[in-house]
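A short write-up of the structure that comes next.
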Amino acid sequence: MSWTRQSAYVYDGSFDGFLSCVFESYDRKEEAVDIRPGDDCLYTLFDAVWVETDLVKASRVYKGIGAKIGPDAQELIRCGFLTCVADKELLLYRFLRLGFQYGRTVMNMLTEDTVHRLRKAVKHLKTESHAYLGFVRFSDYGDILVAIIEPKNQVLPLLASHFCDRYRRESFLIYDKTHGQALMQKQEGPLTERVGLFRLDELVLPEPSQEEMSYRRLWKQFYDTVAIRERNNPRARLSHMPQRYWAQLTEMQQSHRSAAPSPKRLR
Amino acid sequence: MDVLEKLTILTDSAKYDASCSSSGGERAGQDGKLGSAVASGICHSFAADGRCISLLKVLMTNSCIFDCKYCVNRRSNDTRRAMFTPEELAQLTMNFYRRNYIEGLFLSSGIVKSPDYTTERLIRVLELLRNQYGFSGYIHVKAIPGSDPELVNRLGLLADRMSVNIELPSRDSLRQLAPDKSKETILRPMAAIREGIRENSTDLVKYRHAPKFVPGGQSTQLIVGASPDSDLKILTLTEALYRKYELKRVYYSAYTPVVEHSLLPALDSKPPLLREHRLYQADWLLRFYGFEAHELLDERTPNFNPFMDPKCHWAVNHIDRFPVEINQAPYESLLRVPGIGVRSAKRIVTARRAGSLDFAGLKKLGVVLKRAQYFITCSGRRLEGLKVNESTILRSLLSKKEISLYLPKPQVEQLTLFSDEELAAGKGAEVIAT
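Chains as they are written, first to last, in the UniProt record's numbering: chain A, 1 to 267; chain B, 1 to 434.
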């Protein structure tokens with residue numbers, strides 16, 4: 001399958017938009033050498049083709065992936081689209097080219113460069129989203145719990161089911177500052193509209209209440225006390241909990257320290 | 001005394017318990033309740049000592065009628081005592097959990113009045129959380145040595161995981177250092193929990209909605225370095241606990257001196273962290289790598305080599321079993337190669353279905369070639385230009401840090417595994433097998 005024509009595509013940044021690009025490439029029998037999200041009036045600058053998102057074409061491609069390569073490939077592509085790997089669209093596209101050529105076998109070709117890079121990127125996403133299951137820190141603002149995260153990958157779609165299930169009786173909002181996205185669960189309104197993932201460019205929060213501050217203090221105090229001084233190991237802590245998470249972790253803020261008595265004084 | 005002060009005292013006295021895992025059971029959330037459980041467990045933070053914080057690990061009280069020599073909370077120690085009320089504990093747990101600080105509660109206690117009285121108080125806390133507060137998150141609770149099996153059973157129906165700490169790995173050490181405990185008072189509740197889990201699993205087959213008893217399984221802890229017991233003794237005990245008592249985990253806690261006592265290490269001695277690390281490595285080999293305790297240690301070498309991890313040590317002593325052919329060897333043999341772990345072994349098995357593997361490919365699968373190269377072939381060939389002899393193998397297996405630990409000792413010591421005579425005899429790779 002050697003197509004002689006090459007082309008660069010620009011699309012609206014959505015998953016269906018990306019799948020539409022894949023459709024176009026096969027339809028026009030041209031090799032995509034660049035696929036990037038963009039504004040439809042700027043695409044000419046890259047000497048590229050604007051691809052309009054087409055839900056029918058997108059769904060044909062998606063079903064094709066399931067039929068030709070397998071359901072686990074659909075999952076891999078959906079996750080791959082959430083990763084922060086450079087030129088992720090081109091990587092996904094090349095994986096699909098291989099997949100449509102080799103079929104299911106591509107899922108086992110772990111040493112093939114494209115497959116390896118994609119799997120590595122998805123592993124990074126999954127590791128990060130698993131870390132955030134623990135590292136999300138909510139503050140209680142009376143009628144809603146709010147957390148801010150700064151992930152490298154788009155982890156919110158992967159976090160949604162866990163937090164919605166665990167906090168069934170709570171209203172909460174998790175704001176992804178990096179990607180300007182938010183996940184929200186409400187307790188009132190029609191059932192189908194209680195959970196939503198939407199764009200959010202800025203979040204301004206009120207001052208935390210006295211009660212909220214006192215629980216932060218208790219948690220910080222627990223955190224400091226539970227460490228065994230004789231086993232102090234900053235390197236191990238850093239490798240399990242890299243510094244980039246610290247800004248949003250209640251226990252890593254210094255301000256509460258002065259108010260709490262140290263365990264040493266109590267002895 | 002306010003809650004902050006109680007929390008400080010009761011955390012400080014609970015921190016020597018190594019376990020903080022929230023793994024074992026999967027439980028979806030329930031309408032109107034707060035919480036769920038995830039099979040793999042979730043770490044919520046990491047303390048300054050690098051250990052995972054998953055659960056709110058506290059004692060209900062640090063008052064204790066026992067006088068175990070190694071314990072900060074022993075009766076004769078002059079320390080401040082505190083006790084949480086069930087309400088205080090329940091509110092702390094709920095409020096920490098709502099903010100996603102924790103995965104649940106790890107509740108232990110000193111023994112007040114009697115083991116049974118203490119267990120009843122623990123039951124009250126758990127009932128309050130489960131029934132009044134609608135808490136459906138993870139709870140790990142300690143079974144108190146010497147308490148009535150009936151009470152242990154009630155506690156187990158409210159918890160995800162239970163544990164009884166053995167602490168000292170032999171009867172002699174127990175008698176000397178924990179005069180109020182005995183092998184029997186420890187093993188009886190362990191057996192009760194095992195029976196509870198067994199019965200429950202048959203009940204669950206018959207009645208789908210039978211209440212679950214300790215779905216996350218049971219665990220225990222052994223203190224390392226407080227008594228003169230050898231690694232062999234500890235590991236053999238560990239193996240028996242996994243087999244006979246069907247434990248999910250055995251934890252090791254390097255003893256941190258907290259009291260002056262003639263039978264214990266001096267106050268200024270450091271916790272034996274490297275030894276603890278070696279035991280954890282060996283524990284992993286038992287649970288995931290198909291090793292047995294007697295393969296790793298025996299009467300002649302009853303303790304682990306501090307400079308080399310147990311798997312590498314086994315490999316250099318069984319060099320006749322290598323090299324292993326990557327493209328054909330069964331999964332079990334791949335697992336025995338230094339530098340290949342569970343994850344990379346599985347990847348090898350998957351990837352070789354799509355085509356034969358070479359050394360460059362192995363690197364992509366996460367194999368640590370620096371270690372593995374001496375023990376494997378790809379399609380019958382060794383890595384090109386590789387010199388396989390004792391010193392190259394040793395240098396690849398010992399990290400820089402380990403070598404620096406190695407150096408201050410006299411060189412003869414360092415070469416006991418491969419003595420000069422044997423090297424001079426030029427027996428090559430066979431030398432390692434002796």
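Think of the CB as a built atom: it goes at the ideal place given N, C-alpha and C, for glycine as much as any other residue.
Asked	Found
Hey, is the region 41 to 53 of chain B in contact with the region 68 to 76 of chain B, meaning 3+ C-beta pairs nearer than 8 Å?	no
Chain B partners of A/D140, CB-CB under 9 Å?	N95, R98 and R99
Residues in its own chain within less than 7 Å of B/A345 by CB, not counting five upstream and five downstream?	Y331, L334 and L335
Can you list, in chain order, the residues of its chain whose CB lies under 6 Å from that of B/A192, leaving out five sequence neighbours each side?	P149 and V152
Run through the DSSP bridge pairs and tell me what A/E31 is partnered with.	A/Q6
Within 7 Å (strictly less), CB to CB, does A/Y62 reach chain B?	no
Is the beta carbon of B/P302 sitting closer than 7 Å to the one on B/S356?	no
Going by DSSP in three states, A/L19 sits in which element: helix, strand or coil?	helix
Express the C-alpha separation of A/G13 and B/V3 in angstroms, rounding to a whole number.	51 Å
Ignore the nearest five residues each way along the sequence and tell me which others in B/Q411's own chain have a CB closer than 8 Å to its CB.	Because the pLDDT at B/Q411 is just 41, under 50, the model does not fix this residue reliably, and the point stays unresolved.
Flag this pair as touching only if the region 2 to 16 of chain B and the region 170 to 180 of chain A have three or more C-beta atom pairs under 8 Å; answer yes or no.	no
Whole-angstrom Cβ separation of B/V214 and B/A159, contact assumed at under 8 Å?	6 Å
Could you tell me whether any Cβ in chain A is nearer than 7 Å to the Cβ of B/K45?	What sits at residue 45 of chain B in the sequence shown is Ser, not Lys. For B/S45, the answer is yes, since a Cβ of chain A falls inside 7 Å of its Cβ.
Can you tell me which of the three DSSP states B/H209 falls into?	coil
Quick one: residues in its chain with C-beta nearer than 6 Å to the C-beta of A/Q154, no 5 flanking neighbours on either side, listed in chain order?	L82 and H179
Can the beta-carbon of B/R287 be found less than 7 Å from the beta-carbon of B/F304?	no
Distance cutoff 7 Å, beta carbons only. Does A/W219 sit that close to anything in chain B?	yes
Could you list the residues in the region 217 to 246 of chain A with a C-beta less than 9 Å from some C-beta on chain B, going in chain order?	R217, L218, W219, Q221, F222, Y223, D224, T225, V226, A227, I228, R229, E230, R231, N232, N233, P234, R235, A236, R237, L238, S239, H240 and M241
Determine whether the beta carbon atoms of B/S219 and B/L247 lie at a separation below 7 Å.	yes
With a threshold of 7 Å between beta-carbons, can B/P271 be considered close to chain A, or not?	yes
Just tell me which of B/T118, B/L235 and B/A90 has its CA closest to the CA of B/E299.	B/L235
Indicate whether B/P169 and B/K233 have their beta-carbon atoms separated by less than 7 Å.	yes
Evaluate B/V431 with the Cβ neighbour count: other Cβ atoms within 10 Å of its Cβ, from every protein chain shown; 16 or more gives buried, anything less gives exposed.	With a pLDDT of only 34 at B/V431, under 50, the local geometry of the prediction cannot be trusted, and the value read off the model is given with reservation. B/V431 comes out buried.
Is DSSP giving B/S163 helix, strand or coil here?	strand
So with CB distances below 8 Å, who are the chain B contacts of A/L145?	R98 and R99
So if I threshold CB-CB distances at 7 Å, which residues from the region 90 to 118 of chain A count as touching chain B?	T105, N108, M109, L110, T111 and H116
Give me the residue from B/S63, B/A226, B/S45 and B/Y207 with the minimum Cα distance to B/G263.	Before going on, a small fix: residue 263 of chain B reads as Leu here, not Gly. Here the closest residue by C-alpha is B/A226.
DSSP state of B/H313, grouped into three classes?	helix
Identify the contact partners of B/S219 in chain A, using a Cβ-Cβ distance below 7 Å as the criterion.	Under the 7 Å cutoff, chain A gives no residues; its nearest Cβ is about 18 Å from B/S219.
If we call anything under 7 Å between Cβ atoms a contact, is residue 439 of chain B one with B/P257?	Examination of residue 439 of chain B is not possible in this model, given that chain B is present from 1 through 434 alone.
Would B/A47 and A/A131 be called neighbours here (beta carbons separated by less than 7 Å)?	no
Could one say the Cβ of B/R124 lies closer than 7 Å to chain A's Cβ atoms, at least one of them?	no
Under three-state DSSP, which class holds B/Y97?	helix
Within its chain, find whatever has a CB closer than 6 Å to the CB of B/A143; leave out the 5 residues flanking it on each side and keep chain order.	V152, M162, V164 and P189
Which bits of chain A does residue 436 of chain B rub up against, with CB to CB less than 8 Å?	Because chain B here runs from 1 to 434, residue 436 of chain B falls outside it and cannot be looked at.
Is the number of C-beta pairs between the region 76 to 92 of chain B and the region 26 to 44 of chain B that are closer than 8 Å three or more?	no
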